[in-house]
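Residue numbers (my numbering), protein chains in the order written: chain A, 1 to 221; chain B, 1001 to 1408.
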């Protein structure tokens, strides 16, 4: 073992010349997802948003779309089926903030708020307690403001300890909007004003794709 | 000769065996505690796969103390020597000692199986959304650079792979040139950071990044994460003509271009060389497994009022190949599927924090361990030895008791 170790140390000390690589992998065309695609730009390749808003799936021209001001130090990541805006912040992107909109009530305020409380390892709140929660502006109206601390997630893996969640829930007959920010407590506290600013900046651009040359979205980038 | 005898006596002694076993217990205890700070892979590497020694830092438990611990691999090697000399060679060869020999042989077999696992086991994962399938496992922590010649419609043909074993030694400040019979150029890889992010130069934080700006991006080195799977490496790659002249292309390669969720495709960086299109990417190491897994259904149940998983299981269609009709198997928590030398565990799922109605994917841990069954065999041998030992002792006791009764 000592001899092997000495040989390895000696090998590492030497400057090596070119290494010829021989491993070749054939692409299986039947497994489409495992075939890489040529990125159109480095921005796309590194999975960062372009300056234009990318939060909305491709929609027909003139369709309304979400716009917002991206807080400084935050970045956008790819949206998902349930995340119409998907943002990250923090040195290692450990903070996240996203917006979900649903048609219908999405289960209502009480059910959703208690679902969030469950995610933080907290017991359910009563409807009366929820009614007393503060309100903050969202899309020109008042949404219920949630400020929770606890151990976040815990879905299958270990819960992330010392987390904080800020959120706004807006429910109406026509639909529901959820804005949710989570991350380590200190990080979320440091970004709470940016969360407020982000929520205030959220707006709907009707027909911007047809007429507005410079959308408001992501001006701070 | 006297020295050799002394060495033999020392390595076959009960004293050494006892010390090694006590130290192994201590290393196991503190190595397990260290997982809190280092994560599972980090602790295994630092404490159990180490040859020399490691230092345990108790400050994370509020005690400002550091102390050294011997390497786990060294201890197990010493135990192997000690048991071979003391437990097999040195013991008196007589009939009543046979059960002990069997037990010691079983323990040695267990140590050998652990060594085979250490040397040859491959761990990876397969993540699938319902309805999709795969026959490739991805590594949690090893990465590779793949270079593709592109077809007329920008479709990648076969990949030539720069393996992890050649990338890892490059380190933060090193560089390495790679050639291949498949390429008319060479690839020079520089500054292989274990954890890094490409940052647009428009972002103020890019001022902290070292290295050149390429296409409006810089590469920001980050402190490696405790959980190795959370690290995304990054490096610079230069495409150098065979004559060694100026690079035809300079690129930042980042692990963030790899698939993030099972529905993503990895993103290639394109470049042209002598009129042909090529693609290059830094992705997790992957390898073909001996079968195809198709996820038919993913079932997830949580404890009422929480998001904590109560049960999750996957209904999969296991196929020898894509043309095979397949066999339906349920893979549950703590109930893996064993097939063709592979073990498939229900590991986790994603996204970890799904929105209402959001589709979830299932992640399987795939383990390829040639010594997978060896511990069972070793335990069977040890159990056989113990049973033989107890029966022998019982027979001796009965025999002596009968003799005493007859004498009385």
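A virtual CB, placed ideally from N, CA and C, is assigned to each residue, including glycine.
Within chain B, the residues that residue i reaches when beta carbons sit closer than 9 angstroms
i             : result
residue 191/A : Chain B residues near residue 191/A: none, gap ~15 angstroms exceeds 9 angstroms.
residue 186/A : Those do not exist, as residue 186/A stays about 17 angstroms from chain B at its closest Cβ, beyond 9 angstroms.
Among the options, the one whose alpha carbon lies nearest that of residue i
i              : options                           : result
residue 1138/B : 1402/B, 1374/B and 1365/B         : 1365/B
residue 188/A  : 41/A, 95/A and 77/A               : 95/A
residue 1090/B : 1229/B, 1009/B, 1130/B and 1234/B : 1009/B
residue 1377/B : 1102/B, 1071/B and 1397/B         : 1102/B
residue 1273/B : 1241/B, 1297/B, 1399/B and 1288/B : 1241/B
residue 76/A   : 190/A, 82/A and 87/A              : 87/A
residue 1049/B : 1018/B, 1360/B, 1024/B and 1255/B : 1024/B
residue 1321/B : 1291/B, 1313/B, 1342/B and 1315/B : 1291/B
residue 1026/B : 1055/B, 1003/B and 1190/B         : 1055/B
residue 1351/B : 1343/B, 1360/B, 1393/B and 1397/B : 1360/B
residue 1112/B : 1379/B, 1407/B, 1403/B and 1383/B : 1379/B
residue 1381/B : 1004/B, 1047/B, 1108/B and 1005/B : 1108/B
residue 1213/B : 1149/B, 1250/B, 1085/B and 1275/B : 1250/B
residue 28/A   : 1033/B, 1156/B, 1256/B and 1080/B : 1156/B
residue 1255/B : 1404/B, 1146/B and 1087/B         : 1146/B
residue 1181/B : 1114/B, 1148/B and 1085/B         : 1148/B
residue 1118/B : 1265/B, 1369/B and 1406/B         : 1369/B
residue 1075/B : 1394/B, 1011/B and 1059/B         : 1011/B
residue 1187/B : 1129/B, 1167/B and 1047/B         : 1167/B
residue 1218/B : 1070/B, 1402/B, 1206/B and 1099/B : 1206/B
residue 1326/B : 1334/B, 1295/B, 1173/B and 1042/B : 1295/B
residue 1293/B : 1316/B, 1195/B, 1280/B and 1271/B : 1316/B
residue 1239/B : 1210/B, 1277/B, 1084/B and 1267/B : 1277/B
Neighbouring residues, chain A, relative to residue i (Cβ below 9 angstroms)
i              : result
residue 1158/B : 24, 25, 26 and 27
residue 1260/B : 47, 77 and 78
residue 1222/B : 91 and 92
residue 1162/B : 19, 21 and 23
residue 1094/B : None at all; the shortest Cβ gap to chain A is about 34 angstroms.
residue 1233/B : What residue 1233/B touches in chain A: nothing, since even the nearest Cβ is about 13 angstroms away.
residue 1246/B : Correct list: empty, because the minimum Cβ distance to chain A is about 18 angstroms.
residue 1396/B : Simply none; closest approach about 42 angstroms.
Amino acids of chain A, ordered along the chain, whose beta-carbon sits closer than 7 angstroms to that of residue i
i              : result
residue 1215/B : 42
residue 1256/B : 46 and 47
Residues that residue i contacts on chain B, provided the C-beta gap is smaller than 8 angstroms
i             : result
residue 36/A  : 1146, 1148, 1156, 1265, 1266, 1267, 1268, 1279, 1281 and 1283
residue 16/A  : 1176
residue 165/A : Simply none; closest approach about 10 angstroms.
residue 39/A  : 1257, 1267, 1268, 1269 and 1270
CB-CB length for residue i against residue j, believed under 8 angstroms
i              : j              : result
residue 1310/B : residue 1301/B : 5 angstroms
residue 1247/B : residue 1192/B : No, residue 1247/B and residue 1192/B are not in contact; Cβ-Cβ is about 17 angstroms, not under 8 angstroms.
residue 202/A  : residue 138/A  : 7 angstroms
residue 1283/B : residue 1143/B : 7 angstroms
residue 133/A  : residue 144/A  : 5 angstroms
residue 1038/B : residue 1201/B : Contact flag wrong, Cβ pair sits at about 34 angstroms.
residue 99/A   : residue 117/A  : Not really, about 20 angstroms apart at Cβ, beyond 8 angstroms.
residue 1178/B : residue 18/A   : 7 angstroms
Residue i Cβ short of 8 angstroms to the ligand MG heavy atom set
i             : result
residue 167/A : Annotation note on the ligand MG: not contained in the displayed structure, which lists no ligands.
Opposing strand residues paired with residue i [DSSP bridges]
i              : result
residue 1421/B : Outside the displayed span of chain B (1001 to 1408) sits residue 1421/B, for which this structure offers no information.
residue 184/A  : 163/A
residue 1367/B : 1123/B and 1343/B
residue 176/A  : 102/A and 171/A
residue 1288/B : 1136/B
residue 1083/B : Per DSSP, none; premise fails for residue 1083/B.
residue 1145/B : 1162/B and 1282/B
residue 1478/B : Look at the range of chain B in this structure, 1001 to 1408, and you will see that residue 1478/B is not part of it.
residue 1318/B : 1293/B and 1327/B
residue 1269/B : 1280/B
residue 89/A   : 95/A
residue 1302/B : 1309/B
residue 203/A  : 67/A
residue 1335/B : 1332/B
residue 75/A   : 88/A
residue 80/A   : 83/A
residue 1150/B : 1156/B
Interface residues of chain A facing residue i [CB-CB closer than 8 angstroms]
i              : result
residue 1166/B : 19 and 21
residue 1315/B : In chain order: nothing, as chain A lies at least about 18 angstroms away.
residue 1179/B : 18, 19, 20 and 21
residue 1186/B : 18
residue 1200/B : 43 and 48
residue 1182/B : 24
(request) Jot down the residue ranges of each uninterrupted beta strand (DSSP E) in the region 98 to 155 of chain A, minimum 3 residues, whole runs only, in chain order. (result) 135 to 138 and 141 to 153
(request) Write down every uninterrupted run of the beta strand (DSSP E) in the region 1156 to 1229 of chain B whose length is 3 residues or greater and which is fully enclosed by it, in chain order. (result) 1156 to 1162, 1175 to 1179, 1185 to 1193, 1196 to 1200 and 1217 to 1221
(message) Suppose only complete runs of 3+ residues qualify. What are the beta strand (DSSP E) ranges in the region 1017 to 1067 of chain B, listed by chain order?
(response) 1053 to 1057
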